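Peer 1: Taken in order, the sequence shown gives residues 1224 to 1428; the numbers are from the numbering used here.
Let me give you the structure first, and then I'll get to my questions.
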Amino acid sequence: MKKIKVCVALLLATVATVSAQNGREILDKIQKANESLTSIVCDFRQTTHFPFLEEDAQSNGKLYYRTPARLLLEYEQPEGDWILVREDQISISMMDQYRKISAKTVPAAKFLHTIFASCLEGNPRRIDGITISAYERADYYEVLVSIGSEKAENIKELKVRYDKKDMAMSMLCMEDPDGEYTLYELRGKKLNQPVADDIFIDPGR
């Protein structure tokens, strides 16, 4: 009986080691494929789930991203809303209410800034205080990120997908400790095309 337990333990340890090695190889592949990334322009669909509501909130729009770390989410539904990330500033216009947040002085804003930039640029390992694993699926690679308790006040887990056909991010899901999550699905991606500076000018400044 002891021999059987030892064999099972060795088998599980071997499987865990192989899985970890495969995960590192996948993460290396994603990172390498995105080293030359300069921009992403695409449509996005956003789903926000609240555990206390029967239906999820749906919205959509256009995403513009340019390295280093410039992001605009321009909503078509609800029309007129937008989120702009530029350098160390996050500007938000929602329901005709404008707000500017400094990533330098608000840790949660800085962390969100890092998540978007790291995942879009194919290097989620750049996020501090995480446990990360990666898996190969039929048409995409899936990266699962567990965020340490010291930073998990607002976001507990990330699920990121990268399409095999272009190795660019196609999905980002951020879940908080209470079960609320926000899911971004990217469609019609155009990579490494010029994106004008005017796109990232803060309309509310």
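We put the CB at the ideal spot given by N, CA and C, even for glycine.
Keep in mind that this is a model prediction, so the values were computed, not measured.
Grab the span of the beta strand (DSSP E) containing T1271 for me, first residue to last.
Peer 2: Here the beta strand (DSSP E) through T1271 covers S1262 to H1272.
Peer 1: By how many angstroms is the C-alpha of L1395 removed from the C-alpha of A1340?
Peer 2: Each residue's Cα considered, the two are about 12 Å apart.
Peer 1: Taking all protein chains shown into account, decide if S1393 is buried (16 or more other Cβ within 10 angstroms of its Cβ) or exposed.
Peer 2: Classification for S1393: buried.
Peer 1: Is Q1254 helix, strand or coil when you go by DSSP?
Peer 2: Note: Q1254 maps to helix in three-state DSSP.
Peer 1: Buried or exposed: where does N1415 fall if 16 or more other Cβ atoms within 10 Å of its Cβ makes it buried?
Peer 2: Classification of N1415: exposed, given that the 10 Å Cβ count is below 16.
Peer 1: Distance, Cα to Cα, F1275 vs L1307?
Peer 2: In a straight line, the C-alpha of F1275 is about 29 Å away from that of L1307.
Peer 1: Near S1259, what residues of its chain come up, given a Cβ to Cβ distance below 8 Å and the 5 sequence neighbours on each side ignored?
Peer 2: Taken in chain order, the residues that qualify are N1415.
Peer 1: Would you kindly report the start and end of the unbroken alpha helix (DSSP H) that includes K1333?
Peer 2: P1330 to L1343 is the extent of the alpha helix (DSSP H) around K1333.
Peer 1: How would you call K1379, buried or exposed, if buried means at least 16 neighbouring beta carbons within 10 angstroms?
Peer 2: By the neighbour-count rule (16 or more Cβ atoms within 10 Å), K1379 is buried.
Peer 1: In chain order, what residues of the same chain have a beta carbon less than 6 Å from the beta carbon of K1333, not counting five sequence neighbours either side?
Peer 2: Cβ neighbours of K1333 beyond the five flanking positions: A1326.
Peer 1: Under 8 Å between the Cβ atoms of N1257 and A1331?
Peer 2: In this structure, A1331 does not lie closer than 8 Å to N1257 by Cβ.
Peer 1: Is the region 1336–1353 touching the region 1287–1294, taking contact as three or more C-beta pairs under 8 Å?
Peer 2: Contact holds: three or more Cβ-Cβ distances are below 8 Å.
Peer 1: For N1283, write down the residues that DSSP places opposite it in a beta bridge.
Peer 2: R1268 and Q1300.
Peer 1: Is A1419 buried or exposed, if buried means 16 or more other CB atoms sit within 10 Å of its CB?
Peer 2: Label assigned to A1419: exposed.
Peer 1: Let me check understanding here. Comparing Cα to Cα, which of R1309, I1424 and D1304 lies closest to Q1320?
Peer 2: The shortest Cα separation from Q1320 among R1309, I1424 and D1304 belongs to D1304.
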